[in-house]
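Here's the structure, in structure tokens; my notes come after.
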Amino acid sequence: MTRAAGERLIGELASGQFVSGESIAERLGITRAAVWKQVRVLRARGVPVDAVRGRGYRIHGGMPLLNREQIFAGLHLPVRTRLRSLEVAWELDSTNSRLLQQSTAGPAACVAEFQSAGRGRRGRTWYSPFGSAVCVSLAYPFLHTPAGFGGIGLVAGVAVCDTLAGFGYPQVRLKWPNDLVVDDAKLGGLLVESRTEAGGSTRAVAGIGINWRLPSEANEVIDQRWAELASLPAKLPPRDSLIAGILNALMAAFDEFAHKGFTPFRARWRAYDALAGKQVRVRLDHEAVDGTAAGIDDDGALRVATADGIRRFTAGEVSVRARA
């Protein structure tokens, strides 16, 4: 489905009220069979389109589409000035991949309604049905590699949690290294990728995925406990506003990181640490280590108190162990 066709059909259904297939076909200048085919495409992308004989179609709860102008208007003036591009895409493989393929010299941002191959850590696929999540990436050029550059993902996590707290979600925590969680249920995640440019500079791309309002079918797809902003006790913000807030916070955090390194972020991370003091298991490629999470060090590595003393981890899969 093209963006134009998808936008027109969602525009007909976005109010949340039933609209007859005949009315849609007449307004869009297509056949009722074509309407049904386009509805099937939307459903395949996770859009919750209801179809009831005699009443027509609707998107249950409505579906406001992303608006580039609204996102841009929400950016702080210095961010607007420095941002070389802000793409709001209908459908992409992933926003991170899009920015990694570009050669824009300055900061650039990319947002998508739907990712066909959204990625998480360790090659996992990120589930984000059309119009139901925040999928945003920021490319940021570092002229010089900051001290503790390995902690850049934690820097991004702090920026996102600060943003969510400002929107009324202070309960969101960070599970090392890159999960956004609420009471051990996954709300979202971060993936930071980087590449070295000519001249020795580093271009980092930070991708953020947050469950905004997922369809009921999500339980059949996601194989772990999950959370969404729509179910938390706060007024659900428009995705446009949330994206603008995240971009503002990321730019400010990366500016500070570029000049001061990771150390100033360690205490800020501690305030959001979901693992501190908990019994954890760190799974590596060839071993599993049990112990008590003891925060992070000045490079962003996870510290775990084990029977053999403190061990630090720069990679691994962490799970919280049930207490005996």
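Numbering-wise (the numbering used here), the sequence shown opens with residue 68 and increments by one. Note that the Cβ used here is the ideal one computed from N, Cα and C, for glycine as well. Since this is a predicted model, take the numbers as computed values, not measurements.
Distance between beta carbons of residue j and residue i, contact taken as under 8 Å
i	j	result
R306	V201	6 Å
A92	V108	The Cβ separation is near 16 Å, so there is no contact.
G376	R350	Their Cβ separation, rounded to whole angstroms, is 20 Å, which puts G376 and R350 out of contact at 8 Å.
Per-residue DSSP class, three states only, for residue i
i	result
N245	coil
K253	strand
Q137	helix
D322	helix
A391	Because the pLDDT of A391 is 47, which lies under 50, any placement of that residue in the model is unreliable, and the number read from its coordinates should be weighed accordingly. Correct three-state label for A391: coil.
S90	helix
T330	helix
F380	strand
T98	coil
Q105	helix
V425	Outside the modelled stretch of the chain, which goes from 68 to 391, sits residue 425, for which no answer is possible.
D340	strand
T162	helix
S183	coil
R335	helix
P174	coil
S152	strand
V347	strand
F197	coil
T212	coil
D366	coil
V288	helix
S404	Lying outside 68 to 391, the shown extent of the chain, residue 404 is not represented and no answer is given.
V227	helix
A271	strand
S298	helix
Status (buried if at least 16 other CB within 10 Å, exposed otherwise) for residue i
i	result
Q168	exposed
S170	exposed
E284	exposed
E180	buried
A226	buried
P99	Correcting the residue type first, residue 99 is Arg in the shown sequence and not Pro. Exposed, by the Cβ-count rule.
E136	exposed
L247	buried
Q182	buried
A252	exposed
L80	buried
P174	buried
V155	buried
I237	First, the residue type needs correcting, since residue 237 is Pro and not Ile in the sequence shown. By the 10 Å Cβ count, P237 comes out exposed.
V119	exposed
G344	exposed
E84	According to the sequence displayed, residue 84 carries Gln and not Glu. That one is exposed.
R165	buried
Same chain, Cβ closer than 7 Å to residue i, neighbours up to 5 away in sequence not counted
i	result
V146	L314, N315, M318
R270	A206, P208, S261, R262, E264
P304	F234
K302	G235
A391	With a pLDDT of 47 at A391, under the threshold of 50, the modelled position of that residue is not reliable, and the figure given next carries that caveat. Same-chain partners within the cutoff: there are none.
S82	G129
W279	S199, A200, V201, E295, L296, A297, R306
Residues of its chain near residue i, where Cβ-Cβ distance is below 6 Å and the 5 sequence neighbours each way are ignored
i	result
Y339	C228, R240, L241
P131	none
N286	none
S298	none
D117	R125, H127
R378	V371
S324	A quick correction: the sequence has Phe, not Ser, at residue 324. Counting only Cβ-Cβ distances below 6 Å, and skipping sequence neighbours, we find P213, V222.
Sub-8 Å separation of residue i and residue j beta-carbons
i	j	result
Y194	I97	no
T381	G274	no
S87	G123	yes
L254	N245	no
R335	G362	no
P196	L281	yes
R388	Q346	yes
I138	A320	no
S204	A176	yes
T373	V385	no
Residue-level contact to chain B via CB, residue i, 8 Å cutoff
i	result
G73	This model lacks chain B altogether, as it is built from one protein chain only.
Cβ-heavy atom distance, residue i to the ligand FAD, below 7 Å
i	result
G96	This structure lacks the ligand FAD, and indeed carries no ligand of any kind.
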